[in-house]
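Have a look at the structure below before the remarks.
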Amino acid sequence: RLKQEHAFKDLRHTVRRYVREAKLRLGVSGREVFIPSDPQTGVEAEVDWGNCIAILGGVETRLKLFCMRSKFSGKHLVRCYPCERQQAFFDGHIKGFSFFGGVFPVLIYDNLTNKVRL
467 RLKQEHAFKD LRHTVRRYVR EAKLRLGVSG REVFIPSDPQ TGVEAEVDWG
517 NCIAILGGVE TRLKLFCMRS KFSGKHLVRC YPCERQQAFF DGHIKGFSFF
567 GGVFPVLIYD NLTNKVRL
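Mind the numbering: the sequence shown is residues 467 to 584 in this note's numbering, read in order.
Pasting the structure below:
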């Protein structure tokens with residue numbers, strides 16, 4: 467469409483050359499990219515909060531979900547709390563460590579500062 471409406475020439479060669487030169491300047495090689503995808507047993511877990519709605523005593527109630535996931539096994543622990551306060555945060559960790567059979571040396575939090583209210 468841009469070629470027809472604005473008389474652009476075929477710029478693929480120019481763009482490829484620019485990208486190739488930029489990679490050389492920056493010392494970047496497309497062949498060196500890797501994503502760590504081989505987590506070790508019991509080393510890392512991800513922690514986050516979620517939301518759900520449950521019917522409690524016939525009343526629709528908003529709940530907060532504390533979620534801890536082992537990066538190695540992919541197993542999840544999910545617990546419901548009435549809020550995201552510090553007490554729930556600590557209790558979720560204690561229950562998670564008990565569930566997984568120990569403390570993870572590395573915990574990866576998603577947006578933690580916005581989630582825990584004192």
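All C-beta atoms in this analysis are idealised placements derived from N, C-alpha and C, irrespective of residue type, glycine included.
Here DSSP, grouped into helix, strand and coil, assigns residue 543 to strand. Scanning the region 505-584 for uninterrupted beta strand (DSSP E) segments of 3 residues or longer gives 510-522, 525-536, 542-547 and 572-575, listed from N- to C-terminal end.
Ranked by Cα distance from residue 542, the options 548, 523, 528 and 514 are led by 514. Distance from the CA atom of residue 530 to the CA atom of residue 516, rounded to whole angstroms, is 6 Å. Using a 10 angstroms sphere on the CB of residue 565, the tally of other CB atoms stays under 16, which defines it as exposed. Rounded to the nearest angstrom, the gap between the Cα atoms of residue 488 and residue 481 is 10 Å. At least 8 Å separates the beta-carbon of residue 538 from that of residue 558. When secondary structure is reduced to three states using DSSP, residue 494 falls in the coil class, being assigned neither helix nor strand. Annotation for residue 536: 511 and 566 place their beta carbon closer than 7 Å to its own, counting only its chain and skipping 5 residues before and after.
Take residue 527, set aside five residues on each side of it, and the residues of its chain with a beta-carbon closer than 6 Å to its own are 520, in chain order. Going by C-alpha positions, residue 505 is about 33 Å away from residue 485.
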